[in-house]
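One structure is given below, encoded as structure tokens.
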Amino acid sequence: MSEHPATAPGDVETLEVAVAELRPALEAILMVSDEALDEVRLASVVGHPVADVQAALHTLAAEYAEQGRGFDLRSVAGGWRFYSRPEYAAVVESFVLEGQQARLTQAALETLSVVAYKQPVSRARVSAIRGVNVDGVMRTLLTRGLVEEAGQDEQSGANLYRTTSYFLERIGITSLQELPELAPYLPDMDDLEDELASVAGLDAPPADPAPETAPGSRPTPAGVPPTHASPHSGAGTEPDGGTEIA
């Protein structure tokens with residue numbers, strides 16, 4: 001094989017690689033890559049037109065699925081990568097984990113979900129939504145490459161965070177637009193209103209009991225505030241200092 005490029009009139013410069021070798025070359029590159037590779041990058045490496053590379057990738061993916069191989073070739077996060085087939089997940093998990101717990105905790109999953117749907121978002125905003133401090137969890141997500149910094153908020157100057165392409169790869173989607181809608185998982189408005197009314201009822205302060213009328217005294221006319229005896233006279237009680245009853 002010649003190491004010099006062969007250029008035909010009007011064609012893009014390509015390497016002298018036979019078409020029959022295109023698919024094995026793609027397999028070799030994808031086998032050693034630790035990230036998803038897009039078609040343009042693959043085409044520049046193997047020296048074939050992008051259209052040919054795209055067709056070869058789809059052909060390989062179809063062949064693997066038809067043959068029932070232990071892996072798939074998938075297009076995710078804007079690129080192509082090998083994945084083990086779902087039916088062998090238990091075997092792969094046993095081999096990869098092998099006595100160590102690598103799964104994210106429930107807190108980490110909840111925090112990651114907030115970032116995914118609200119990004120770019122600050123730590124303070126995520127903490128406010130979850131109701132707990134998320135500094136430690138965010139550090140874990142950053143370390144695992146699922147979340148990355150995305151600039152600063154113009155008003156507060158706080159660091160903003162977003163999900164990474166590795167996050168898309170891990171959940172098997174191409175873009176954030178493929179995230180499931182949240183609406184089906186939210187409560188109905190009627191249920192939400194009932195819940196809010198219930199909470200409001202629990203939080204409401206108890207009403208003041210009707211003032212008792214001392215023997216021999218006249219009842220207070222409507223609209224006229226009652227008078228309190230002096231706290232130093234030994235009769236009556238001192239009103240609650242600064243507490244306003246609605």
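For the sequence shown, the UniProt record's numbering assigns the number 1 to the initial residue and increments by one for each residue that follows. Glycine included, each C-beta is placed from N, C-alpha and C at the ideal position.
Environment of H58 [buried if 16+ CB atoms lie within 10 Å]: exposed
Own chain, CB closer than 8 Å to T174, minus 5 neighbours either side, in chain order: S75, V76, A77, G78 and L168
Rounded straight-line distance, which links the Cα of L73 to that of V45: 18 Å
For Q54 and E39, the rounded distance between their alpha carbons: 6 Å
Rounded straight-line distance, which links the Cα of V114 to that of R130: 8 Å
The stretch 104 to 124 in contact with the stretch 88 to 95 per 3-pair CB rule at 8 Å: no
Endpoints, the beta strand (DSSP E) within which D72 is located: F71 to V76
Runs of beta strand (DSSP E) lying entirely within the stretch 111 to 153, each at least 3 residues, in chain order: 147 to 152
Pairwise C-alpha distance: A51 and L179: 29 Å
Reduced DSSP category for S33 - H, G, I as helix; E, B as strand; rest coil: coil
N159 versus D135, A61 and E87, residue with shortest Cα-Cα distance: D135
Counterpart residues of T163 in DSSP-defined beta bridges: V147
Assigned secondary structure, S94 (DSSP; H/G/I helix, E/B strand, else coil): helix
Buried/exposed call for A25, threshold 16 Cβ in 10 Å: buried
Candidates L112, L37, R162 and G157, of which the one nearest Q119 by Cα: R162
R103, DSSP secondary structure in three states: coil
Run of the alpha helix (DSSP H) containing Y64, from where it starts to where it stops: V50 to Q67
L37 and L30 closer than 9 Å at C-beta: yes
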